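**Student:**
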Amino acid sequence: MPRPVFRFAPSPNGLLHLGHARSVLLNAALAREGGGRLLLRIEDIDVERCRPAFEAAILEDLAWLGLDWERPVRRQSEHFADYESALARLDALGLVYPSFESRGDIRRAVAARPGWPGDPDGAPLFPFAREAMSEAERARRVAAGEPYALRLDMAQAVALTGPLGWQEVDAAAGTAQHVAAEPLAWGDVILARKGVPTAYHLAVVVDDALQGISHVVRGADLKAATSVHRVLQALLGLPAPLYTHHSLLLDAEGRKLSKSIGSQSLAALRAGGITPDEVRRRALEGLR
Numbered sequence: 001m002p003r004p005v006f007r008f009a010p011s012p013n014g015l016l017h018l019g020h021a022r023s024v025l026l027n028a029a030l031a032r033e034g035g036g037r038l039l040l041r042i043e044d045i046d047v048e049r050c051r052p053a054f055e056a057a058i059l060e061d062l063a064w065l066g067l068d069w070e071r072p073v074r075r076q077s078e079h080f081a082d083y084e085s086a087l088a089r090l091d092a093l094g095l096v097y098p099s100f101e102s103r104g105d106i107r108r109a110v111a112a113r114p115g116w117p118g119d120p121d122g123a124p125l126f127p128f129a130r131e132a133m134s135e136a137e138r139a140r141r142v143a144a145g146e147p148y149a150l151r152l153d154m155a156q157a158v159a160l161t162g163p164l165g166w167q168e169v170d171a172a173a174g175t176a177q178h179v180a181a182e183p184l185a186w187g188d189v190i191l192a193r194k195g196v197p198t199a200y201h202l203a204v205v206v207d208d209a210l211q212g213i214s215h216v217v218r219g220a221d222l223k224a225a226t227s228v229h230r231v232l233q234a235l236l237g238l239p240a241p242l243y244t245h246h247s248l249l250l251d252a253e254g255r256k257l258s259k260s261i262g263s264q265s266l267a268a269l270r271a272g273g274i275t276p277d278e279v280r281r282r283a284l285e286g287l288r
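Numbered by the UniProt record's numbering, the letters in the sequence shown go through residues 1 to 288 in order.
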């Protein structure tokens, strides 16, 4: 029977915090208990925000926690051809189209439609219909060099895949339950942009398949996104891992720990004298 394969996949656009420690420590524990493998993946497709210094800090933090992982490390920026190939397969199905609307255009369109729905992350659904612009006009604007995003026609995608779901595993109890996917709740998600042949949703499913990931263990804030990932897996003929979405660590104001709000980093905790054992205790407390 194949060994289970887990992964920790941080983005080097900031320093790791206790929330990241929770995720990587749980992945490491489950891999160890199941006789499995732990992989590290650097999700660095955001070439503007990702920095080598942050990647070096990630490796330092993980080593300080006493963790080890298989080599070589997969860096997304080194595998754009894999994502281009997957994108081409989706395009061949007639499911990909370029959209030229800016964030400002989207914001103004939504403001003009009171009650316009949002996606599970709270961002407004893309408010422009694919049919509102001809394919010829889209091709002309691409050829003219205009900036664009490549979007998935979600309604057509779901019509092709039919109903989907995934197995959600409770890490503490070891039990699994079927969760029905709700991809239409996300609308026409972005798969890539001009100049960068992928975005998070596409890259993560391609990477998980190519790396043979059998168990995806990540924060509960990504649970809803699994609906999008299942659609892409089905369209591309990729296997579906088992999923575990663990609870999040919150700050004193009840917000999830995040780089964007300046949550205290592991490096800062280390500089303040905290020990790896204390970080492990705090990160995993109440989790299992």
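Backbone N, C-alpha and C fix where the C-beta goes; we use that ideal spot for every residue, glycine too.
Quick caveat, the model's predicted, so the values are computed rather than measured.
In angstroms, rounded to a whole number, what distance separates the CA positions of residue 310 and Thr226?
**Tutor:** Within the shown structure, residues of the chain are numbered from 1 to 288, placing residue 310 beyond reach of any answer.
**Student:** May I have the straight-line CA-CA distance separating Glu244 from Lys194, to the nearest angstrom?
**Tutor:** Rather than Glu, the amino acid found at residue 244 in this sequence is Thr. Each residue's alpha carbon lies about 33 Å from the other.
**Student:** Of all the options Glu55, Leu59, Asp170 and Trp186, which has the alpha carbon lying nearest to the alpha carbon of Ile45?
**Tutor:** The residue with the shortest Cα to Cα distance from Ile45 is Glu55.
**Student:** For a test of the three-state rule: what should DSSP assign to Tyr97, helix, strand or coil?
**Tutor:** Here Tyr97 sits in strand by DSSP.
**Student:** Check whether the Cβ atoms of Asp105 and Met154 sit closer than 8 Å, and answer yes or no.
**Tutor:** Not closer than 8 Å, so no.
**Student:** Between Gly66 and the rest of its own chain, which residues show a CB-CB distance below 7 Å, the 5 nearest in sequence each way excluded?
**Tutor:** Once the five neighbours on either side are set aside, the close Cβ partners of Gly66 are Pro276.
**Student:** By the three-class DSSP mapping on this structure, what secondary structure does Ser23 have?
**Tutor:** Note: Ser23 maps to helix in three-state DSSP.
**Student:** With a cut-off of 8 Å, do at least 3 Cβ pairs link the region 247-261 to the region 229-236?
**Tutor:** No contact exists between the region 247-261 and the region 229-236.
**Student:** Going residue by residue through the region 66-119, where are the continuous alpha helix (DSSP H) segments of at least 4 residues, counting only ones entirely within it?
**Tutor:** Runs of the alpha helix (DSSP H) inside the region 66-119: 80-92 and 103-111.
**Student:** Which residue spans inside the region 148-229 form an unbroken beta strand (DSSP E) run of at least 3?
**Tutor:** If we require 3 residues or more, the beta strand (DSSP E) runs fully inside the region 148-229 come out as 149-152, 165-169, 176-180, 190-193 and 215-219.
**Student:** When burial is assigned at 16 or more other CB atoms within 10 Å of the CB, is Trp116 buried or exposed?
**Tutor:** Exposed: under 16 other Cβ atoms inside 10 Å.
**Student:** On the premise that Leu238 lies in contact with Ala220, defined as a C-beta separation below 8 Å, what is that separation, rounded to the nearest angstrom?
**Tutor:** With 8 Å as the limit, Ala220 and Leu238 do not qualify as a contact, their Cβ atoms being about 23 Å apart.
**Student:** Below 6 Å CB to CB, which residues in the same chain sit around Val96 once its five sequence neighbours on both sides are set aside?
**Tutor:** Around Val96: Leu90 and Leu150.
**Student:** I believe Pro120 touches Ala185 by the beta-carbon criterion, under 8 Å. Please report the beta-carbon distance rounded to the nearest angstrom.
**Tutor:** Confirmed, about 6 Å.
**Student:** Just the C-alpha distance for Trp69 and Ala271, rounded to the nearest angstrom, thanks.
**Tutor:** Trp69 and Ala271: Cα-Cα distance of roughly 24 Å.
**Student:** Run through DSSP, which three-state label would Phe128 get?
**Tutor:** Three-state result, Phe128: coil.
**Student:** Which first and last residues belong to the beta strand (DSSP E) in which Ile42 is found?
**Tutor:** Run containing Ile42: Arg37 to Ile42, per the beta strand (DSSP E) assignment.
**Student:** For the alpha helix (DSSP H) holding Arg280, just list the boundary residues, first then last.
**Tutor:** Per DSSP, Arg280 belongs to the alpha helix (DSSP H) from Pro276 to Leu284.
**Student:** CA-CA distance, Arg108 and Gly34?
**Tutor:** Roughly 51 Å separates the two Cα atoms.
**Student:** How would you write the range of the beta strand (DSSP E) that Arg7 sits in, first residue to last?
**Tutor:** Start and end: Val5 to Phe8.
**Student:** Look at the alpha carbon of Arg140 and the alpha carbon of Ser214, and state the distance between them as a whole number of angstroms.
**Tutor:** Arg140 and Ser214: Cα-Cα distance of roughly 42 Å.
**Student:** How is Ser260 classed by DSSP in three states: helix, strand or coil?
**Tutor:** If DSSP states are grouped into helix, strand and coil, Ser260 belongs with the helices.
**Student:** Do the CB positions of Arg49 and Arg7 come within less than 8 Å of each other?
**Tutor:** Not a contact, by the Cβ cut-off of 8 Å.
**Student:** Let me check understanding here. Comparing Cα to Cα, which of Ala28, Pro163 and Pro114 lies closest to Val179?
**Tutor:** Closest by alpha carbon: Pro163.
**Student:** Out of Gln156, Gly145, Arg113 and Ala143, state which residue places its alpha-carbon closest to the alpha-carbon of Glu131.
**Tutor:** Answer by Cα proximity: Gln156.
**Student:** Taking 8 Å as the threshold (C-beta atoms), are Leu222 and Arg22 in contact?
**Tutor:** No, the pair does not count as a contact, with Cβ atoms beyond the cut-off.
**Student:** Could you tell me whether the Cβ atoms of Leu287 and Val279 are closer together than 8 Å?
**Tutor:** No, these two residues do not count as a Cβ contact at 8 Å.
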